[in-house]
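Working notes, structure below.
2 protein chains.
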Amino acid sequence: MVKRMLKYEAEAVDRVFHAVADANRRAIIERLTRSPATVSELAALLGVTVAATVQHLRVLQDSELVSSEKVGRVRTCRIDPAGLHNAEAWLTRQRTAWELRLDRLGAVLGDEAKESGR
Amino acid sequence: MVKRMLKYEAEAVDRVFHAVADANRRAIIERLTRSPATVSELAALLGVTVAATVQHLRVLQDSELVSSEKVGRVRTCRIDPAGLHNAEAWLTRQRTAWELRLDRLGAVLGDEAKESGR
DNA sequence: AAGTTACTTAAGCCAACACTTGACTTTCTG
DNA sequence: CAGAAAGTCAAGTGTTGGCTTAAGTAACTT
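These protein sequence lines map, in sequence, to chains A and B. Heads up, the final residue of the first sequence is numbered 118 in the UniProt record's numbering, and it's a clean run with no missing numbers. Heads up, the final residue of the second sequence is numbered 118 in the UniProt record's numbering, and it's a clean run with no missing numbers.
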């Protein structure tokens, strides 16, 4: 049961990271963070065809990062924060574990610690 | 100049998200979070060939998520937290912006707000 | 009604990916 | 020294990804 939950989570994490690994899809997210936009507007922003944009939007919607609603003939897209949770949780979980470990093993990884800015 | 910096950052973000979008690479990260491991150990964990594992490790090293050192004939891999910064910064930046916007536009997105758990 | 706009869907193209196998190189071990 | 162990490198294979063009459909506009 826990296993099953984790599997589902893994798939969600897969989808979100994959969605966000593409520069054009990140550009869409950044644009929608400012305000909702239509499909054509997003296509113009990316400099690709509307068809390509629709495909990106499908990926973003499947990972619950974007939602959209069609009224009349124009589809308006907006951010849907739901999808971010899993990915962010995973990142944070790893980073927290790393930092704990790094604190404890400071000496072992001391080489890096010497380079101040890193 | 700012533009150039952002471009570099975009490429780094690209690499990290792509690295982390693969379930096997995430499994490597999770394993290394507990302790360093050899290439063979990681291969056994994933159930793929050593060659495939080496390829994953190259991706992880290019995105500065993992570092490794070879002593004798065995290569020991460990976590390198450097690569996480850009990706995490991007995620946090977006999420923060979304939340601000969601607070302001609560009424517009009210449908979702009504569904308590989301 | 005819044309334009906004999107949708399907098909195909080419590059990138995740693997594999097989041929090495290097480093231990008996 | 012979052989096993640990990893490296190169080539090949099947799949997926991002993009295009082309052919729709539905909703405005004139």
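Glycine residues also receive a C-beta, built at the ideal position from the N, C-alpha and C atoms. Just so you know, these numbers come straight off a predicted model, no measurement behind them.
Sequence-distant Cβ neighbours of A19(B) in its own chain, meaning closer than 8 Å and more than five residues away, are R25, V59, L60, D62, S63, L65 and G83. If you ignore the 5 residues before and after T76(B), its C-beta comes within less than 8 Å of the C-beta of P36, A37, T38, S68, E69 and K70, all in its own chain and listed in chain order. Residue D22(A) holds the alpha-carbon nearest to the alpha-carbon of R15(B) among R93(A), D22(A), A43(A) and I29(A). Secondary structure of R73(A) (DSSP, three-state): coil. Just so you know, the alpha carbons of R78(B) and T33(B) end up roughly 8 Å apart.
Secondary structure note for V48(B): it is in no alpha helix (DSSP H), with a DSSP letter that is neither H nor E.
In the structure shown, S68(B) falls within a strand segment according to DSSP collapsed to helix, strand and coil. Ranked by Cα distance from W90(B), the options L42(A), E30(A) and E11(A) are led by E30(A). E41(A) does not reach chain B, its nearest Cβ partner there being about 17 Å away, counting only Cβ pairs nearer than 9 Å. Not one beta carbon of chain A lies nearer than 8 Å to the beta carbon of H56(B). Secondary structure of A37(B) (DSSP, three-state): strand.
CA-to-CA, the gap between R95(A) and D80(B) works out to about 10 Å. Against V71(B), chain A offers no close residue; the least beta-carbon distance is about 14 Å (beta-carbon pairs closer than 8 Å).
Between the C-alpha atoms of A51(A) and A97(A) there is a straight-line separation of about 42 Å. Distances from the CA of E41(A) to each of F17(A), A12(A) and V74(A) were compared; the closest alpha carbon is that of V74(A).
By the 16-neighbour rule on beta-carbons within 10 angstroms, T92(A) is exposed.
Beyond the five residues adjoining it in sequence on each side, L46(A) comes within less than 7 Å, by CB distance, of N24, A27 and T53 in the same chain, given in chain order. Within 7 Å of the CB of V20(A), the CB atoms of chain B belong to F17, in sequence order along the chain. For A89(A), the closest Cβ of chain B is not nearer than 8 Å.
Against chain A, the beta carbon of L84(B) has neighbours under 9 Å at L91, Q94, R95 and W98, listed in chain order.
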